[in-house]
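Before any comments, here is the structure.
Number of protein chains: 2
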Amino acid sequence: MVSIDEVARFAGVSTATVSRALSGRGHVSDSTRARVESAARSLGYVVSSSASSLASGRTRNIGVLLPYLDSWFFSTVLSGIASALMRRGYDITLYNLSADRVQRASVFETFLRRQRVDGVIAISIELGADETGRLRELDLPIVAIGGPNPRLFTLSVDQLAVAQLATEHLIGLGHRAIAHIGASPEFDIDFHIPTHRRQGFEQALADAGVPTRPDLYEPADFTMDGGFRAAMRLLGRAAERPTAIFAASDEMAIGALLASRELGHRVPEDISVVGIDGHELGEFFRLTTVDQFPLGQGERAADAILDALEAPRSGALREEPGQLPYELIVRETTARLEP
Amino acid sequence: MVSIDEVARFAGVSTATVSRALSGRGHVSDSTRARVESAARSLGYVVSSSASSLASGRTRNIGVLLPYLDSWFFSTVLSGIASALMRRGYDITLYNLSADRVQRASVFETFLRRQRVDGVIAISIELGADETGRLRELDLPIVAIGGPNPRLFTLSVDQLAVAQLATEHLIGLGHRAIAHIGASPEFDIDFHIPTHRRQGFEQALADAGVPTRPDLYEPADFTMDGGFRAAMRLLGRAAERPTAIFAASDEMAIGALLASRELGHRVPEDISVVGIDGHELGEFFRLTTVDQFPLGQGERAADAILDALEAPRSGALREEPGQLPYELIVRETTARLEP
DNA sequence: TTGAAAGCGCTAACAT
DNA sequence: ATGTTAGCGCTTTCAA
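Keeping their order, the protein sequence lines are chains A and Y. Numbered by the numbering used here, the letters in the first sequence go through residues 128 to 466 in order. Numbered by the numbering used here, the letters in the second sequence go through residues 128 to 466 in order.
Structure (structure tokens):
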């Protein structure tokens with residue numbers, strides 16, 4: 128590996144000047160900079176990250192904390208983060224929180240404390256108080272996405288408003304008998320997303336003067352299979368059939384869609400289905416949904432971290448944690464209720 | 128951040144001893160080790176990765192090169208890698224190769240050359256000759272998964288055998304009019320996976336003395352939508368309908384399944400469908416498939432890299448690049464052809 | 001604008 | 001088994 132000394136010798140300057148020219152910190156004359164850059168290029172020199180980090184305290188590396196890698200939402204957010212960081216020359220190191228207590232603890236006790244990262248992005252994880260504390264002790268900028276954590280700078284989508292929007296769409300189409308697949312009505316420990324989406328659903332109904340129908344709730348686990356089974360139960364019951372289904376996630380909505388078809392109901396003629404998320408499969412299934420742009424969430428988080436890092440008084444996350452955008456995407460699984 | 132000196136002082140030993148005790152390199156008496164460990168623990172000391180890397184040349188970090196993050200296969204393999212590496216105390220940094228020429232080049236010219244990693248795992252990427260060269264110049268252990276690259280130590284599934292197995296399953300059930308969704312028959316530039324899977328398909332037919340039927344090939348792009356449309360074209364044609372569909376990926380198989388149903392054909396009574404991959408949705412759709420265990424692929428790759436790193440003569444990938452396992456999973460989308 | 005030199009926090013010879 | 005010490009390859013004062 129070619130080192131900074133060789134570049135310095137080749138360009139006829141000191142190593143300090145090479146460092147300044149290549150990093151852009153400190154003043155260097157244009158001609159010197161050009162000479163150094165060309166020397167570096169022709170020697171194939173790349174700054175050693177460990178030497179640079181040790182000397183400067185900056186790593187050009189961001190840690191990303193997430194609970195699952197093999198799940199559409201997380202990997203999409205991650206993809207957004209990766210592209211934004213790479214554009215700005217940052218590396219990204221992954222901390223996949225496993226279910227295993229000990230391993231999970233080791234992320235906070237060891238991995239994150241190796242001084243390998245300049246900041247961390249935490250994607251939708253429910254952090255314990257101690258874990259949040261550990262994160263803050265790192266004394267690094269931390270940006271959370273969508274977590275319910277008041278002690279962290281958090282970028283989040285207003286889940287209540289999102290669910291409300293989806294429900295209003297159904298109500299606007301004339302539906303009144305609307306089923307809810309997701310959280311059960313009693314279920315009220317703050318398991319965040321399910322609960323907020325249920326509250327948004329109920330808010331929309333209340334605003335429209337539509338009474339809630341306990342018989343039209345079906346709890347499900349946010350998977351396609353869960354949505355399928357919930358819809359089977361729901362539509363299999365003798366009671367009055369709902370004319371629309373609000374599913375608290377796209378995967379459940381797709382499951383519900385498939386279940387409806389399997390039972391011989393046409394979507395959207397016999398029954399409308401709306402989801403939430405903007406899942407990649409939504410397009411294929413022509414699913415009406417509220418998109419929350421996960422790719423964009425990742426990019427926003429990356430930008431927020433980098434802004435904090437490169438701000439004049441570094442380390443400070445400026446401004447208030449923004450609300451993330453969302454948008455109703457009307458496709459072909461919802462239709463006006465025909466009398 | 129507490130440093131090694133404080134631990135040394137606290138434990139009443141030199142920094143060298145602390146280093147030895149904590150890293151396990153070099154001999155330290157049990158009692159000293161215990162004292163050092165407890166000092167480190169009570170002070171909350173964690174080795175600084177940059178200082179350690181600079182001094183030792185080891186980073187405890189593996190780079191992972193992949194083309195997509197938001198795709199089931201890649202994120203599943205990545206998940207396997209992450210868990211295996213984390214178990215052994217390694218970090219993982221992500222290099223997501225974008226389509227952008229310049230950015231892609233920068234991964235090889237800059238990112239990977241920062242000496243941030245001890246080794247790299249490349250997941251199913253088609254690398255140019257120059258890129259392969261750059262990788263080898265790194266002089267680090269490199270493990271590829273499923274790429275067609277003779278110059279790299281590669282862990283791969285025998286795609287031909289996999290396709291053959293799936294096809295034999297269909298033939299064994301009595302099917303003869305078997306459609307192929309995936310590569311087109313002429314399409315023979317080595318776009319690796321599609322081509323090999325087509326060849327395995329044809330091999331199985333040939334072995335069973337079943338002539339290939341050019342009219343039963345439908346090219347598709349390995350997405351659910353592509354599989355859906357291919358099946359629609361296939362089944363919509365007036366000619367004799369196939370009794371089974373071989374889809375070269377599970378996503379296409381699911382698309383084909385949905386298309387069949389949409390056209391009023393029952394699966395598997397009217398038509399059998401088999402896929403390849405072991406996709407997470409296969410379970411839900413009761414899809415018969417050949418699983419190639421992507422999670423396991425990631426774990427194997429991680430183990431191979433770590434073995435190379437920790438081998439006596441470090442850096443050497445021992446043994447021949449193993450073949451990865453696969454397995455026919457019979458579910459409910461295939462059935463015996465009834466006369 | 002540039003250079004000299006003192007570290008950054010560890011590890012690994014080399015001694016003992 | 002342990003300590004002393006010389007770097008590892010940069011960045012950043014400080015001085016010129």
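Beta carbons: idealized from backbone N, C-alpha and C, even for Gly.
Residue burial annotation: Gln450 of chain A is exposed, with fewer than 16 other C-beta atoms found within 10 angstroms of its C-beta.
Assignment of His307 of chain A by DSSP, reduced to helix, strand and coil, places it in the strand class.
Cβ-Cβ distances below 7 Å link Tyr195 of chain A to Phe201 in the same chain, with the five nearest sequence neighbours on each side left out; the list follows chain order. CA-to-CA, the gap between Asp430 of chain A and Ala211 of chain A works out to about 7 Å. In the three-state reduction of the DSSP assignment, Glu407 of chain Y falls in the coil class.
For Val204 of chain Y, the closest C-alpha among the options Y:Ile252, Y:Ala161 and Y:Asn276 is that of Y:Ile252. Of all residues in the stretch 158-171 of chain Y, only Gly171 place a beta-carbon less than 9 Å from a beta-carbon of chain A.
Counting only unbroken stretches of 3 or more residues, the beta strand (DSSP E) elements lying wholly within the stretch 332-363 of chain Y are 344-346, in sequence order. When the Cα atoms are used, Val394 of chain Y and Thr415 of chain Y turn out to be separated by approximately 11 Å.
Cα atoms of Gly327 of chain A and Tyr344 of chain A: separation of roughly 14 Å, rounded to the nearest angstrom. Asp434 of chain Y: not part of any beta strand (DSSP E); member of the alpha helix (DSSP H) spanning Pro421 to Glu437, first to last residue. Judged by DSSP in its simplified three-state form, Leu196 of chain A adopts coil rather than helix or strand.
Where Val417 of chain Y is concerned, the enclosing beta strand (DSSP E) starts and stops at Thr415 to Asp418. Taking the CA atoms as reference points, Leu279 of chain Y sits about 20 Å from Gly423 of chain Y. Contact with chain A is found for Gln230 of chain Y, since one of that chain's Cβ atoms lies less than 8 Å from the residue's Cβ.
Using beta-carbon distances, Met128 of chain A counts as an interface residue toward chain Y, with a partner under 8 Å.
Per DSSP, the beta bridge partners of Glu454 of chain A are A:Asp418.
Taking 8 Å as the threshold, the shortest C-beta distance from Val247 of chain Y to chain A does not fall below it.
Two segments are said to touch when three or more pairs of C-beta atoms, one from each, lie closer than 8 Å; by this definition the stretch 380-394 of chain Y touches the stretch 351-367 of chain Y.
A distance of 8 Å or more separates the beta carbons of Thr370 of chain A and Ala290 of chain A. Interface flag for Val270 of chain A against chain Y is unset, since no Cβ pair is found closer than 8 Å. Arg240 of chain Y belongs to the set of residues whose beta carbon lies under 8 Å from a beta carbon in chain A. The stretch 454-466 of chain Y and the stretch 390-410 of chain Y touch, with three or more beta-carbon pairs separated by less than 8 Å. Annotation: the continuous alpha helix (DSSP H) that includes Val145 of chain A extends over Thr142 to Ser150.
Thr237 of chain A sits in coil when the DSSP states are folded into three classes, being neither helix nor strand.
Nearest in C-alpha terms to Arg241 of chain Y, of all of A:Asp377, A:Gly171 and A:Gly255, is A:Gly171. Pairing Ala161 of chain Y with Arg136 of chain Y, the inter-Cα distance amounts to about 15 Å.
The C-alpha of Gly190 of chain A is placed about 14 Å away from the C-alpha of Ser206 of chain A. Classified as buried, Ser198 of chain Y has 16 or more neighbouring CB atoms from the shown chains inside 10 Å of its CB.
Among the residues facing chain A, Ala178 of chain Y is included, as its CB has a counterpart in that chain under 8 Å away.
Between Arg243 of chain Y and Tyr217 of chain Y, the C-beta gap is not smaller than 8 Å, which leaves the two residues out of contact.
Listed along chain A are Ser176 and Asp218, each with a C-beta nearer than 7 Å to that of Arg243 of chain Y. Counting the other Cβ atoms within 10 Å of the Cβ of Ser399 of chain A gives 16 or more, which makes it buried.
Residue-level contact check: Asp352 of chain A touches chain Y, since one or more beta carbons of chain Y fall below 8 Å from its beta carbon.
Close to Ala209 of chain Y, with beta-carbon spacing below 8 Å, are these residues of chain A in chain order: Leu196, Leu221 and Asn223. By the CB criterion at 8 Å, Arg324 of chain A and Ile250 of chain A fall outside the cutoff.
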